[in-house]
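Data first, discussion second: the structure below is written as structure tokens.
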Amino acid sequence: IPKTCTAGVCSFQGSWRSRGSSAGERALQYTVGQKIHGFTVKEVTAVPDLFLTSVKLSHDATGAQYLHAARDDSNNLFSVQFRTTPMDSTGVTHILEHTVLCGSQRFPCRDPFFKMLNRSLSTFMNAFTAITRCTRSPPRMPKTSRTFCLTSIGCEKDMLFFFRQEGWRLEHKTPTDPSSRLMFKGVVFNEMKGEFSDNERLYAQRLQNKLLPDHTYAVVSGGEPLAIPDLTWEQLKHFHATHYHPSNARFFTYGDLPLEQHLQQIEEEALSKFERTEPNTAVPSQTHWDKPRVDHVTCRPDALAPDPMKQNTLCMSYLLGDITDTFETFTLSLLSSLMISGPNSPFYKALIEPEIGSDFSSSVGFDGSTRQASFTIGLQGMAEADTETVKHIIAQSIDDIIATGFEEEQIEALLHKIEIQMKHQSTSFGLALASYIASCWNHDGDPVQLLKISENVSRFRQCLKENPRYLQDKVQHYFKDNTHRLTLTMSPDERFLEKQAEAEEQKLQQKIQNLSDADHKDIYEKGLQLLAVQSTTQDASCLPALKVSDIEPIIPYTPVQLGTAGGVPVQCCEQPTNGMVYFRAMCNLNSLPEDLKIYVPLFCIYNIHYIPTPNQTKLDYRQQAQRIELKTGGMSVSPQIIPDTDDLDLYEQGIILSSSCLDRNLPDMFQLWSDIFNSPHFDDEQHLRVLVMMSSQELSNGISYSGHMYAMTRAARTLVPTADLQETFGGMDQVKFMKSIAEMTDLTSVLRKLPWIKRHLLNPENMRCAVNATPQKMSDAAGEVERFMGNIAANRKERKPVRPTVVESVRSSSCIIFCTTLQQHSGLIDLECVRTVPFSHADYASLCILARMMTAKFLHGEIREKGGAYGGGARMGGGGLFSFYSYRDPNSTQTLSAFRGGVEWARAGKFTQQDINEAKLSVFSAVDAPVAPSDKGLGCFLNGITDELKQRYRERLFAVTDKNLIDVAGRYLGVGQQTCGVAILGPENESIRKDPSWVVK
């Protein structure tokens, strides 16, 4: 969620259950006007589309709103959100969100929120500040856990420390050295510097500020980096007092949890301590402009742009209606999809296919997160000279839509997609529901009305029936005749980063110039005090905690049936999939020549776009997309690397085919796959170029979102062969390769390689399949798989048998370190990877526990609290790599020292049995995370991890002792013991460049 609504959420872990139990029926027993523990029931509504019953309540004393969605799902959720409307860019809502989670009157210990991650089996616990102008705290927890209210601010002295830690502070670079230079520090300060280093996020923020300039949307709720140091402690306290109050709160619970018990707990432990206030937090409507506006912003140049000469962005953004009009919002959301989604959409045809830009801007589409919705259309990766051309194309496309409308098949494909979304069962349904209703509810709309999807679809169909020009009239009103339109352009400025650095230094010097000698002394002493607080071990006994003995000792068994179809292995898993069928196929690529492997991701992107019709005439990518949308829930092809469970130097490489469909469309889905295998077309250079440009742009943009994953892959590539191949398929090597393809003027040579890859990959000799469906539909699904294999068998080529795994000797050394410099990252990303043991090894469980314990008990404090990084820790991967990481980190070398310090901390046994128990709870929360019916048995199919292997691993987790942890820390992670790789991804660093032990790329 973009930054500006504030919330906390917790998900309660549990197993998925069919809708045979009676949570919804129990909820229907409540009556309007009924009094329950200080709450009054306002409305009870059955929502059959989503198999739930909603119960609306209001707290009598404070006016707090409460919505419960009763559903037979034990992956429960609790959330509370506050409408927060800042009027400046100091980041007060964002910093407050961080600060209140650092302690409270009831839980007076540092960072109870983070500590609870290791004391419960929650599957999700987080808080966010989002653009809906609310703050939300949503945890998901098992029904055996409890709900905790952590929003009551604690001891003022302690909270002041945390304000300085989480928000901003002036402090010496080395807190213990008063002669070191003063600088800005703070977790949120560094986080927002990272946010504003990304061009697309910067553009999206400015677009919103300028489209809605009259009130709270004109400011940066997450915090403008140079405005954050203007926030005072008194301002933060005042904002807390006026916004973090039950009268401004909306509580949401979901699942099969006991409602009355939770209402009683919330009343007794929180709400009974408050009286009603009249919070002035509503967001007024934006005044409608009488004429369109034009504006411009600048950004940093992107060294990885597909075309270095085309780095401009242009969008037109239109202000639409109030999001509390739920049906109008539903209609406009559908209209947006029809205009921009997929190759059949008019704006795709008009803007993407002519290759004017590399892709749509990431801001494109319908945005219902603000009080009034908006629609944005435009391009990134375009030339400045094409500005007027793009404006004309957008205007002409709107005229064309008004004149011709949309094809009926396009509309039906979109409504089919909605039907699929309602049928598909996700383990994070409650979390998705909380996010879905947040904006509308936050602005006093009816959240229950949003959930009546079938009712909205029926009304939409009726509107189309009564007025065939219904959608065209909407386009005329909201786009053609709309004077509240902003055209915002963005262009690179070679001095952008330099100007940012100069502005920060100027702000710093302004602060320093106003300091007296007493202020300097005070800063030094407060720095030491904060360091002392951060270094003090906290007593967390005030926090509730589950016991390891509360965890089920035996995993639930997932039955699968193994068979064959046309000689191809098939795994069938009968599950309550709610009228859906899920299909996967793994196609091995072990026989593929090495020089073709880097083309595999491109092959996957291109291959799904061209399929012949059943009568073998070529079907272009537009028609193909229409067939897929009308008959399936999506079809995808992606690279897959599967490490062996017994040997780090063994692995399987291939591509995974995935699709789903409604029961009634089962034959159509397999016909589509048959057509892909039998007669793919690799001859459309123009469309390949479009796909390459879009992919290259997406990869470039993704670095700032997932930089730590890129760094992790780079650091590990010399340690195990799976990581080396992952670098080829999805690391920086792939980013640079796709950029080189985007720069080619002739793609004929690339097209010629794709059929060769197809011969190796789309071959039934190299396949195995899996199907998840209901027991009633499994026979039909198995029959379709059999026919599918028969259809493609005629094209089977004789080949040598393919090995299920590939053996490669690891290219190891004691330590390989290198740094990749990227201008766009103001915060560094540190990674250190160590080669350890595979999944089946007896020490694997100990390393998993060690990683969680080291993260919670040592690295979090060193990297985030003291170092100011947004995040950091350790993790043990299934491929046998133990990784240390940090991101948005201003102190790379200090963090590398923290990694080593964490190892020495563990080797010295500086932890307690409670620390071990908490780490076990944290690991089990992931191990026992709910699995959707569509994914049951998938671990066995892909990785060969059977229930027996899972049970053995489980027993080893229970058995881990302090001696085990000390042993593995020394044996695998100790200096001189490990085979490791180290990587830093970030801007140029002079000290690293001068260090001969680093390889800088």
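Under full-length UniProt numbering, the sequence shown has 193 at position 193, and the numbering climbs by one with no breaks. Glycine included, C-beta positions come from ideal geometry on N, C-alpha and C. Computed from a predicted model, the values in this text were never measured in an experiment.
Quick check: T329 and L379, are their CB atoms within less than 8 Å of each other? As a first step, residue 329 is located in the sequence shown; it is residue number 329 there, counting from the start. As a first step, residue 379 is located in the sequence shown; it is residue number 379 there, counting from the start. Going by beta carbons, T329 and L379 fall outside the 8 Å limit.
From A851 to F189, what does the alpha carbon distance come to, in whole angstroms? In the sequence shown, residue 851 corresponds to position 851, counting from 1. In the sequence shown, residue 189 corresponds to position 189, counting from 1. The alpha-carbon atoms of A851 and F189 are separated by roughly 27 Å.
Tell me the DSSP bridge mates of Y66? Locating residue 66 in the sequence shown gives position 66, counting from the first residue. Bridge partners of Y66: L57 and F251.
Using a threshold of 8 Å, state whether the C-beta atoms of C102 and D111 are closer than that. By one-based count along the sequence shown, residue 102 stands at place 102. By one-based count along the sequence shown, residue 111 stands at place 111. Going by C-beta atoms, C102 is nearer than 8 Å to D111.
Can you tell me which of I377, P987, Q734 and V999 puts its alpha carbon nearest to the alpha carbon of D198? In the sequence shown, the residue the question calls residue 198 occupies position 198. Among I377, P987, Q734 and V999, the Cα nearest to that of D198 is on P987.
Determine, using beta carbons only, whether Y318 and Y478 come nearer to each other than 8 Å. As a working note, residue 318 is residue 318 in the sequence shown. As a working note, residue 478 is residue 478 in the sequence shown. Yes, the Cβ-Cβ distance between Y318 and Y478 is below 8 Å.
Residue interval of the beta strand (DSSP E) (run including D995): As a working mapping, residue 995 is identified with position 995 in the sequence shown. D995 -> no beta strand (DSSP E), and no H or E assigned at all.
Quick one: what does DSSP say S660 is sitting in, helix, strand or coil? As a first step, residue 660 must be located in the sequence shown, where it is residue number 660. S660: strand per DSSP, three-state reduction.
E727 beta carbon less than 8 Å from that of E713: Taking the sequence shown and counting its residues from 1, the one referred to as residue 713 is at position 713. Taking the sequence shown and counting its residues from 1, the one referred to as residue 727 is at position 727. Checking the sequence shown, residue 713 turns out to be Thr, not Glu. Yes, they are a contact pair.
Give me, in chain order, the residues of the same chain whose beta-carbon lies closer than 7 Å to that of L28; leave out the 5 immediate sequence neighbours on both sides. The count along the sequence shown starts at 1 and reaches residue 28 at position 28. Excluding residues within five positions, the ones whose Cβ falls inside 7 Å are V44, A46 and T53.
With DSSP collapsed to three states, give me the class of Q529. Taking the sequence shown and counting its residues from 1, one reaches residue 529 at position 529. Residue state, collapsed to three classes: helix.
Quick one: grab the DSSP three-state call for D295. Within the sequence shown, residue 295 is the residue found at index 295, counting from 1. D295: strand per DSSP, three-state reduction.
Please confirm whether any heavy atom of the ligand PLP lies closer than 7 Å to the CB of D668. Among the components of this structure there are no ligands whatsoever, and the ligand PLP is therefore not found.
Please classify I555: does DSSP put it in a helix, a strand, or coil? Position 555 of the sequence shown holds residue 555. Here I555 sits in coil by DSSP.
Below 6 Å CB to CB, which residues in the same chain sit around E629 once its five sequence neighbours on both sides are set aside? Numbered from its first residue, the sequence shown carries residue 629 at position 629. For E629, where only same-chain residues beyond five positions count, the Cβ hits under 6 Å are A413.
If you run the structure through DSSP and keep just helix, strand and coil, what is Y30? For the purposes of this step, residue 30 is taken as residue 30 along the sequence shown, with counting starting at 1. Coil, per DSSP.
May I ask which residues mark the beginning and end of the alpha helix (DSSP H) holding C440? In the sequence shown, counting from the first residue as 1, residue 440 sits at position 440. Counting along the chain, C440 sits inside the alpha helix (DSSP H) bounded by residues F429 to N442.
Secondary structure at G986, three-state DSSP: helix, strand or coil? Numbered from its first residue, the sequence shown carries residue 986 at position 986. Here G986 sits in strand by DSSP.
Which of the three DSSP states is assigned to S674 in this structure? On the sequence shown, residue 674 is found 674 positions in, with the first residue counted as 1. Three-state DSSP puts S674 in a helix.
Whole-angstrom distance between I411 and R888, CA atom to CA atom: On the sequence shown, position 888 is the one that residue 888 refers to. On the sequence shown, position 411 is the one that residue 411 refers to. R888 and I411: Cα-Cα distance of roughly 43 Å.
Of the residues L486, Q205 and D367, which one's Cα is nearest the Cα of V219? Your numbering for residue 219 matches position 219 in the sequence shown. If we check each option's Cα against that of V219, Q205 comes out closest.
With DSSP as the reference, label P468 as helix, strand or coil. Within the sequence shown, residue 468 is the residue found at index 468, counting from 1. Here P468 sits in coil by DSSP.
What separation, rounded to the nearest whole angstrom, lies between the Cα atoms of P559 and P775? In the sequence shown, the residue the question calls residue 559 occupies position 559. In the sequence shown, the residue the question calls residue 775 occupies position 775. The alpha-carbon atoms of P559 and P775 are separated by roughly 12 Å.
Run of the beta strand (DSSP E) containing residue 1073, from where it starts to where it stops: The structure shown does not extend to residue 1073, since the chain is modelled only from 1 through 1001, so no value can be given for it.
Uninterrupted alpha helix (DSSP H) stretches inside the region 84-135 (no shorter than 4 residues): Correct list: 92-100 and 112-116.
Between L662 and E409, what straight-line distance do the alpha-carbon atoms span, to the nearest angstrom? Position 662 of the sequence shown, counting from 1, holds the residue named residue 662. Position 409 of the sequence shown, counting from 1, holds the residue named residue 409. Answer to the nearest angstrom: the Cα atoms are 17 Å apart.
According to DSSP, which residues form a beta bridge with D367? Numbered from its first residue, the sequence shown carries residue 367 at position 367. Answer is S374.
Figure out for me which residue from T331, L433, M580 and G877 has the closest Cα to the Cα of Q462. The residue given as residue 462 occupies position 462 in the sequence shown. Checking every option, the nearest Cα to that of Q462 belongs to T331.
Taking the alpha-carbon positions, what's the A373 to R485 distance? Here residue 373 refers to the residue found at position 373 when the sequence shown is read from its first residue. Here residue 485 refers to the residue found at position 485 when the sequence shown is read from its first residue. Those two C-alpha atoms are separated by around 13 Å.
Among E502, W905, L257 and D399, which has the Cα closest to the Cα of D962? Looking up residue 962 in the sequence shown gives position 962. Looking at the Cα atoms, W905 is the closest of the given residues.
Other residues of its chain near L754: CB distance less than 8 Å, five sequence neighbours each side excluded: Position 754 of the sequence shown holds residue 754. Counting only Cβ-Cβ distances below 8 Å, and skipping sequence neighbours, we find Y599, L602, F603, Y606, N607 and F682.
List, from N- to C-terminal side, the alpha helix (DSSP H) runs of 4 residues or more that fit wholly inside the region 713-789. 721-730, 732-742 and 748-761
Within the continuous alpha helix (DSSP H) that includes A969, where are the two ends? Stepping through the sequence shown from its first residue, residue 969 is reached at position 969. Note, A969: alpha helix (DSSP H), D962 to L973.
Backbone secondary structure at H172 - three-state DSSP: Sequence index remark: in the sequence shown, residue 172 carries index 172 (1-based). In the displayed model, H172 falls within a strand according to three-state DSSP.
Take the Cβ of F958 as the centre, count every other Cβ of all protein chains shown within 10 Å, and call the residue buried at 16 or more, exposed below. Looking up residue 958 in the sequence shown gives position 958. F958 should be labelled exposed.
K1001 (DSSP reduced to helix, strand or coil): Along the sequence shown, read from residue 1 onward, the residue named residue 1001 stands at position 1001. Residue state, collapsed to three classes: coil.
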